[in-house]
Amino acid sequence: MLSIRTSSKHRGKCTPNALPCRINHNGRAEVSKRYWTPTKRNDGKTVSYFRGRQLHGRTVKIPPQYKGVVLSTTEMPQAAQVLSGSHSYTSDSQEEGEAEAETEGLMEELADFDEFVIWGHVALPDETTDPYLRAIEEYTAFAEAVHTVEVKVEKK
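Quick note: the sequence shown uses my numbering, first residue 111, plus one each step.
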């Protein structure tokens with residue numbers, strides 16, 4: 111299981127952009143001029159250009175019961191905490207008194223967001239063809255199904 115903590119480098123709110131391309135670079139680009147300038151047109155559509163290609167953006171709002179975060183992996187393991195009470199999950203060896211301190215992965219929250227933009231070539235991305243839109247829709251539907259408790263009231 112992974113743990114998440116707020117980084118000392120937390121940048122506050124952001125709007126992530128999912129571009130329909132692969133960039134084989136990970137890190138800062140030392141440029142004198144910013145080339146990424148999405149604009150909202152009079153018809154309400156968001157358009158930008160990347161390497162001479164026109165892209166159309168679709169803004170996706172995160173549902174209010176969820177929180178979007180930008181995470182970074184760390185090399186620091188975190189000792190597992192033993193849960194108590196009815197939420198205790200222990201292995202057979204731990205039940206026999208051989209409790210060991212497991213290590214968990216630790217991720218840092220660099221920023222958070224309420225919306226993100228998915229970009230497509232020539233046209234707006236839609237749920238039937240875009241894997242990001244489809245994944246968000248499927249994840250939220252699955253999470254709702256898992257965490258929703260139905261209460262049946264019988265009338266006499």
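Note that the Cβ used here is the ideal one computed from N, Cα and C, for glycine as well.
Given the structure is predicted, the values throughout are model-derived calculations rather than measurements.
Could you name the residues of the same chain whose beta carbon sits closer than 7 Å to that of residue i, not counting the 5 residues immediately before and after it, in chain order?
i	result
E225	T125, T169, V170, K171, I172
Using 10 angstroms around the beta-carbon of residue i, count the other beta-carbons present and answer buried if the total reaches 16, otherwise exposed.
i	result
W146	exposed
G122	exposed
V192	Unreliable positioning characterises V192 in this predicted model, as indicated by a pLDDT of 43, which lies under 50. A coordinate reading is not provided.
G154	exposed
T183	exposed
L165	buried
V261	exposed
Within the same chain, show all residues whose beta-carbon is closer than 6 Å to that of residue i, passing over the 5 residues directly before and after it, in chain order.
i	result
L112	G215, M217
F252	none
Are the Cβ atoms of residue i and residue j separated by less than 8 Å?
i	j	result
G162	W229	no
P130	H231	yes
E254	R244	no
Y242	A128	yes
D240	V179	no
L234	K119	no
V227	T156	yes
Indicate the three-state DSSP secondary structure (helix, strand or coil) for residue i in the structure shown.
i	result
V232	coil
R132	coil
R151	coil
A139	coil
E260	coil
R115	strand
Who are the Cβ neighbours of residue i in its own chain at under 8 Å, not counting the five residues just before and after it?
i	result
T250	P173, Y176
E246	Here residue 246 turns out to be Ile, not Glu, going by the sequence shown. Taken in chain order, the residues that qualify are V170.
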